[in-house]
Amino acid sequence: MMRTRPLKVALLGCGVVGSEVARIMTTHADDLTQRIGAPVELAGVAVRRPSKVREGIDPALITTDATALLKRGDIDIAIEVIGGIEPARTLITTAFEQGISVVSANKALLAQDGAALHAAAEQAGLDLYYEAAVAGAIPLIRPLRESLAGDKINRVMGIVNGTTNFILDKMDSTGAGYQEALDEATALGYAEADPTADVEGYDAAAKAAILTGIAFHTRVRLDDVYREGMTEVSAADFASAKRMGCTIKLLAILERAADGESVTARVHPAMIPLSHPLASVREAYNAVFVEAEAAGRLMFYGPGAGGAPTASAVLGDLVAVARNKLAEATGPGESAYTQLPVSPMGDVVTRYHISLDVADKPGVLAQVATTFAEHGVSIDTVRQQGRPDGVGKEASLVVVTHRAADAALSGTVEALRKLDTVRGVASIMRVEGE
Ligand code: HSE
Numbered sequence: 335m336m337r338t339r340p341l342k343v344a345l346l347g348c349g350v351v352g353s354e355v356a357r358i359m360t361t362h363a364d365d366l367t368q369r370i371g372a373p374v375e376l377a378g379v380a381v382r383r384p385s386k387v388r389e390g391i392d393p394a395l396i397t398t399d400a401t402a403l404l405k406r407g408d409i410d411i412a413i414e415v416i417g418g419i420e421p422a423r424t425l426i427t428t429a430f431e432q433g434i435s436v437v438s439a440n441k442a443l444l445a446q447d448g449a450a451l452h453a454a455a456e457q458a459g460l461d462l463y464y465e466a467a468v469a470g471a472i473p474l475i476r477p478l479r480e481s482l483a484g485d486k487i488n489r490v491m492g493i494v495n496g497t498t499n500f501i502l503d504k505m506d507s508t509g510a511g512y513q514e515a516l517d518e519a520t521a522l523g524y525a526e527a528d529p530t531a532d533v534e535g536y537d538a539a540a541k542a543a544i545l546t547g548i549a550f551h552t553r554v555r556l557d558d559v560y561r562e563g564m565t566e567v568s569a570a571d572f573a574s575a576k577r578m579g580c581t582i583k584l585l586a587i588l589e590r591a592a593d594g595e596s597v598t599a600r601v602h603p604a605m606i607p608l609s610h611p612l613a614s615v616r617e618a619y620n621a622v623f624v625e626a627e628a629a630g631r632l633m634f635y636g637p638g639a640g641g642a643p644t645a646s647a648v649l650g651d652l653v654a655v656a657r658n659k660l661a662e663a664t665g666p667g668e669s670a671y672t673q674l675p676v677s678p679m680g681d682v683v684t685r686y687h688i689s690l691d692v693a694d695k696p697g698v699l700a701q702v703a704t705t706f707a708e709h710g711v712s713i714d715t716v717r718q719q720g721r722p723d724g725v726g727k728e729a730s731l732v733v734v735t736h737r738a739a740d741a742a743l744s745g746t747v748e749a750l751r752k753l754d755t756v757r758g759v760a761s762i763m764r765v766e767g768e
C-alpha cells in the first residue's frame, strides 16, 4: 500500500554531491515513490553560502542553520554530505537525538568515530548508512555487510582512491615522473589544489579502516591502518615493475591472519602482476578485490568519486533507510563481535622488490645475500646491472624476495644501509597479488 504522506528529508551540504542528490530526488521522484512505497520530499537544504545559485532547488528550502532544520520536528531522514569531522559529527548526533535516521558519505568521520556514531544510532533505534563513504558509486558496504554476511571474508585488496590511480596510470602509460603526472591530474580536476589527503594515502586509509571493520566484524580506527603515500614512486620504479611483468598501484590491503586471531590493515604503493584484475584498473577508476571462503574471488569495479556516481550510492541508502522507516525497522548496524586485534605492520607477510646502488667489486653480492640470510629473508631473484657512468665502480642491484615478515625486511634494509659497499637504497616496494 502506497503511503501518501511524504517522508521528509533534510539535505546537509549542497556541493558537488549534494546538488546531484537533490537533482536525482527531484527528477526521479515518481520512481523513488514507487520503490519506497511513499514519496520522499526534500524538506530543507542546509548550506554555508546561501547566496550561491542552485539550479533546480527551491530557494525557500535553503537555510544556513542546519541544527534548526534538524530540530524543527518533521524531518525523517538526514543526508550528510558536508564531509570532514565538524560540524558533520555534531549534526549527525543531533539528528539521532531528534529521531532522524542518517545517510552519510563521510569517510573521514566514519573512520574516526564510526563506533560512537553506530552506538548512538542503535541506542536511538535509527539507521546510519554510508555506502557513499567508500569507493563512490561502487556497491561495497552493502555487499560486504549483507550479501556476504553468511560467508567468511579473508582478504580485501583494492584501489580505493581515484586521484592516485590516475597519477600512477599516467606514470605507467607515459613514463612520466610523479610531479608531471600530478600536474596533469590537477589540470584535469582529478587532484585537488592540496592533494595531500590523496597522495599521502590518508583518504585510502580512512576507507580501509571502514572496510576492515565491516569485512572482519571488528572495530578498526584510522590510527590502526598502516599508511604510506605514493609521492616517492618514480619512473625508475615503473621501469623495474615492467621488467617483472608488473605495474604499480596504491593498494588498500586488509587481511585476516592465517591463524584467524588478528587482522592487518595497510595502504601503500605495491607492484602487482599485469595478470591481476586490479592491474587493468585505469585512470581514476576504483576496484576492490574480495576473497571469501565460500564465494571465492569477487571484484567490484566502477567510478569511485564524482557528484553523480557518489549521489547514486547516497540515493541507494536513502531508499533503504526510507523503506526501513516505513517498516518501522532498522537495517544492519555495526557488527564488531569478533573483536579481532589489529596487528602491527611488522607482522605483515609479503614479498619485496628492493633496488640498491652498490659498489661493483668482488664479494658485494655475497655480502648483500648474507645480510638477507641473517635476517631470515629468502631471496627469490637478483638482477645486477653495471652503470654506464661508473663502469667497474658502481652497479644497480635489484633483489626480489620470497615472502617474509615486514619487520624482517626492515631489519635487512637497516643492515644493508650500514654496509660500506651499499651506496644507497634506491627503493623498496612490496609485491602483491601473486
Ligand atoms: N579524493 C577521492 C579519490 C574521492 O580521489 O578517490 C573521494 O573519496
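Under our numbering, the first residue of the sequence shown is numbered 335, with each subsequent residue one higher.
Ideal Cβ placement from N, Cα and C applies to all residues, glycine included.
{"Item": "Residue burial classification, residue 659 (beta-carbon count within 10 angstroms, cutoff 16)", "Value": "buried"}
{"Item": "Sequence-distant residues of its chain with Cβ nearer than 7 Å to residue 713 (five each side left out)", "Value": "703, 706, 733 and 735"}
{"Item": "Closer than 6 Å: residue 639 CB and nearest the ligand HSE heavy atom", "Value": "yes"}
{"Item": "Outcome for residue 419 when other beta-carbon atoms lying within 10 angstroms are tallied against a minimum of 16", "Value": "exposed"}
{"Item": "Same chain, Cβ closer than 7 Å to residue 498, neighbours up to 5 away in sequence not counted", "Value": "532, 533, 564 and 584"}
{"Item": "Residue 496 CB to nearest heavy atom of the ligand HSE below 6 Å", "Value": "yes"}
{"Item": "Terminal residues of the beta strand (DSSP E) in which residue 536 lies", "Value": "Counting along the chain, residue 536 falls outside any beta strand (DSSP E), though it belongs to the alpha helix (DSSP H) covering 536-550."}
{"Item": "Distance cut-off 6 Å: residue 408 Cβ against heavy atoms of the ligand HSE", "Value": "no"}
{"Item": "CB contact below 7 Å: residue 382 versus chain D", "Value": "No chain D is part of this structure, which consists of one protein chain only."}
{"Item": "Run of the alpha helix (DSSP H) containing residue 727, from where it starts to where it stops", "Value": "Taken as a continuous stretch (DSSP letters only), residue 727 belongs to no alpha helix (DSSP H), as it is neither H nor E."}
{"Item": "When 739, 677, 648 and 719 are compared against residue 559, the one with the closest alpha-carbon", "Value": "677"}
{"Item": "Any non-hydrogen atom of the ligand HSE closer than 6 Å to residue 558 Cβ", "Value": "no"}
{"Item": "Inter-stretch contact (C-beta, 8 Å, three-pair minimum) for the region 510-526 and the region 407-416", "Value": "no"}
{"Item": "Residue 517 CB to nearest heavy atom of the ligand HSE below 6 Å", "Value": "no"}
{"Item": "Integer-rounded CB distance, given that residue 415 should sit under 8 Å from residue 347", "Value": "4 Å"}
{"Item": "Given residue 485 as reference, the closest of 375, 632 and 737 once Cα atoms are compared", "Value": "632"}
{"Item": "Contained beta strand (DSSP E) runs [length at least 3] in the region 648-723, N- to C-terminal order", "Value": "683-693 and 713-720"}
{"Item": "Beta-carbon gap between residue 626 and residue 487 smaller than 7 Å", "Value": "yes"}
{"Item": "Euclidean distance between Cα positions of residue 383 and residue 349", "Value": "10 Å"}
{"Item": "CB of residue 759 within 7 Å of CB of residue 738, strictly", "Value": "no"}
{"Item": "Candidates 671, 692, 642 and 597: closest to residue 439 by CA position", "Value": "642"}
{"Item": "Member of 688, 362 and 400 whose CA lies at the smallest distance from the CA of residue 377", "Value": "400"}
{"Item": "Best match in 743, 432, 472 and 393 for proximity to residue 459 [C-alpha to C-alpha]", "Value": "432"}
{"Item": "Neighbourhood of residue 556 by C-beta distance below 7 Å, restricted to the same chain and skipping five residues each side", "Value": "445, 446, 539, 540 and 543"}
{"Item": "Residue from 755, 708, 471 and 719 with nearest C-alpha to residue 742", "Value": "708"}
{"Item": "Buried or exposed by the 16-neighbour rule on C-beta atoms within 10 Å, applied to residue 717", "Value": "exposed"}
{"Item": "Straight-line Cα distance separating residue 462 from residue 434", "Value": "10 Å"}
{"Item": "Residue 440 (DSSP reduced to helix, strand or coil)", "Value": "coil"}
{"Item": "Rounded distance between the beta-carbons of residue 648 and residue 355, thought under 8 Å", "Value": "5 Å"}
{"Item": "At least three beta-carbon pairs within less than 8 Å, the region 387-395 to the region 664-682", "Value": "no"}
{"Item": "Endpoints, beta strand (DSSP E) assigned at residue 488", "Value": "487-493"}
{"Item": "Residue 503: CB within 6 Å of a non-hydrogen atom of the ligand HSE", "Value": "no"}
{"Item": "7 Å Cβ cutoff met for residue 644 and residue 509", "Value": "no"}
{"Item": "Presumed contact (8 Å Cβ cut-off) between residue 590 and residue 634, rounded CB distance", "Value": "That belief does not hold up - the Cβ atoms of residue 590 and residue 634 are roughly 19 Å apart, past 8 Å."}
{"Item": "Reference residue 489, options 365, 412, 372 and 600, closest by Cα", "Value": "600"}
{"Item": "Sufficient close CB pairs (3 or more, under 8 Å) joining the region 593-613 to the region 748-757", "Value": "no"}
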